[in-house]
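K.L.:
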Amino acid sequence: MDKHPWLPNLSSIEDMLKEIGVNDIEDLFKDIPKEVRLNRLLNVGKGKPLSEYEIAKEIEEKSSKNVKLKVPPFIGAGICPHYVPYAVKFIISRSEFYTSYTPYQPEISQGLLQALFEYQSLIAELLEMEVVNASMYDWGSALAEAVLMANRINSRKTILVPENINPYHKEVLKTWIQGKGLKLEEVKYDRETGTINIEDFERKINDNTTAVYIQQPNFFGNFETEIEHIVDTAKHKKALTIMGVNPLSLGLIKPPGEYGIDIAVGDGQELGLPLNFGGPLMGILAVRWDMTLVRQMPGRIVGITKDMSSNIGFTLILQTREQFIKREKATSNITTNEALMAIANAVYLSLLGKEGIRELAEEIYYRSHYAAKKLEQIRGVKKLFNSDFFEEFVIRFPVNYDKIHEKLKKIKIQGGLKLSDFTALFCVTEVHDKDAIDLLAATIEEAINDVETS
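For the sequence shown, the positions run 10 to 463 when the working numbering is used.
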């Protein structure tokens, strides 16, 4: 047996092998055909095993190739840059919290369970929805689970979504529903306002509609203005309503609960999670108080109870929905998920408080509108839609956006997300100050002039 250079207790391996009646570790893999086994050393290192120092040096060299942006990125599409208070990382780095695992043993996990209960309570208050689970993977998975909930409740087969749904969420949703025989039908959006076309919605909703999905603000950043009408129409057709919401926008606008929404979904990324190659994210899922809805919820739910001595305690509740009990009949395969990120959300919301959320939402609103107006001062540049918006907005350019983006990249600015040859979706939050926005506008104007004079 090869000896590991750093582990002094390899003799115990020999004792374990002897105990189970095996002569060599290779014997443990004898059931795997030799022709499918890797019969060479792994192609790692530089032709030889590397020391810890050499590995660290190699990783540092590779990470130094990352581009350091001059200003915060202007790309969003649902994952946006925000300032994260240092207290968030400090608190979730404590060993008591530093796990994504949702605890089965309440008697030894009261602190973690209480933190998750606080997350659920804070999100419930923010959304004005009564029941929140302990987290989903991300917005897309939360939406997909909400649709499957609706199908289990009313057995209908068509889900109505806006044509301008976040494309990444749509791909997740399409993947999740294909095995269930559900049909995804898109409702057109108005080309002037960038919001749901009510006439098309009324044509497409019918008695086979399992649920209607609305996003507020929508993928383009625009505020939907006909939500009450959509909800009333859906209820008349006995279809469930699902609303996807940017939680920070709730510092300014009505929460899902005020509309009578059945299921609310979203992402906690904007509540204290940094940008990190697209993750980790944190799916939000909440329902109104209706036990038919509650019993179909996916994921963990933390509840508060009393022990035999009347002491308050926290525990996982309604566990008969879950796969470790119901197996293939469970409401979802999502169990352990983003508990650590949920605690980060709870810390972030606790630090800001109600007034802080409102002030932050106002700051984002004003800065994003300043950016849109600044860009519209450039000849030939216009906002694509005439609706009010929050955090994100679509800009139309007189030249191909690829040329503009090349110019931005040269001076280490990450521009908006390209939607077409002449349009892009920009994101502006509290981390984009006036200097950053003015630099973006000046560079775009210069890029347009370069193209038009070349």
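All residues carry an ideal CB built from backbone N, CA and C; glycine is no exception.
Drop a sphere of 10 angstroms on the beta-carbon of A8, count the other beta-carbons inside from all chains shown, and report buried for 16 or more, exposed for fewer.
P.N.:
Nothing can be reported for residue 8, as the shown portion of the chain is limited to 10 through 463.
K.L.:
Could you tell me the alpha carbon to alpha carbon distance between M10 and S20, rounded to whole angstroms?
P.N.:
Reliability fails at M10, whose pLDDT of 48 lies under 50, so the model's placement of it is uncertain and the value that follows must be treated cautiously. About 10 Å.
K.L.:
Given I251, which residues of its chain have a CB within under 8 Å of its CB, disregarding the five upstream and five downstream residues?
P.N.:
L152, A155, V156, A159, A220, V221, Y222, I223, I270, D271, I272, A273 and V274.
K.L.:
How should F83 be labelled, buried or exposed, when 16 other C-beta atoms within 10 angstroms of its C-beta is the threshold for buried?
P.N.:
Buried.
K.L.:
For N215, which residues in the same chain have their Cβ closer than 8 Å to its Cβ, ignoring the five residues on either side in sequence?
P.N.:
Here the set comprises T167 and K246.
K.L.:
Let me know the secondary structure DSSP gives S20 once reduced to three states.
P.N.:
The answer is helix: DSSP assigns S20 an H, G or I state.
K.L.:
Quick one: grab the DSSP three-state call for E465.
P.N.:
Because residue 465 is not part of the residues shown, which for the chain are 10 to 463, the question remains open.
K.L.:
Quick test of your reading: L282 and M350, contact by CB under 8 Å. State the CB separation rounded to the nearest angstrom.
P.N.:
Between M350 and L282 the Cβ distance is about 6 Å, and since that is below 8 Å, they are a contact.
K.L.:
Could you have a look at L280 and say whether DSSP puts it in helix, strand or coil?
P.N.:
Looking at L280 - three-state DSSP - the assignment turns out to be coil, as it is neither helix nor strand.
K.L.:
Under 8 Å between the Cβ atoms of I422 and T452?
P.N.:
Closer than 8 Å, so yes.
K.L.:
My understanding is that S377 touches F402, with C-beta atoms under 8 Å, so please give their C-beta distance in whole angstroms.
P.N.:
With 8 Å as the limit, S377 and F402 qualify as a contact, their Cβ atoms being about 6 Å apart.
K.L.:
Excluding five sequence neighbours on each side, which residues of the same chain lie with their C-beta closer than 7 Å to the C-beta of V460?
P.N.:
Answer for V460: V408 and K412, listed in chain order.
K.L.:
State the start and end residues of the unbroken beta strand (DSSP E) segment that holds V76.
P.N.:
Where V76 is concerned, there is no enclosing beta strand (DSSP E), given that its DSSP letter is neither H nor E.
K.L.:
Under 8 Å between the Cβ atoms of N163 and F399?
P.N.:
Not closer than 8 Å, so no.
K.L.:
Under the rule that 16 or more other beta-carbon atoms within 10 Å means buried, what is W298, buried or exposed?
P.N.:
Exposed: under 16 other Cβ atoms inside 10 Å.
K.L.:
Out of curiosity, what's the CA-to-CA distance linking F38 and N48?
P.N.:
Cα-Cα distance, rounded: 13 Å.
K.L.:
Using the Cα positions of L122 and P112, report the straight-line distance between them to the nearest angstrom.
P.N.:
Distance between the alpha carbons of L122 and P112: 7 Å.
K.L.:
Using only the alpha-carbon positions, how far apart do A353 and P94 sit?
P.N.:
When rounded, the distance between both Cα atoms is 10 Å.
K.L.:
Is there contact between the stretch 171-189 and the stretch 84-93, where contact requires at least three CB pairs shorter than 8 Å?
P.N.:
Touching, yes, given that three or more Cβ pairs across the two stretches are closer than 8 Å.
K.L.:
In chain order, what residues of the same chain have a beta carbon less than 7 Å from the beta carbon of E172, not counting five sequence neighbours either side?
P.N.:
Result list for E172: E195, V196, K197 and Y198, in chain order.
K.L.:
The alpha helix (DSSP H) with F99 in it runs from where to where?
P.N.:
F99 -> alpha helix (DSSP H) spans Y95 to I101.
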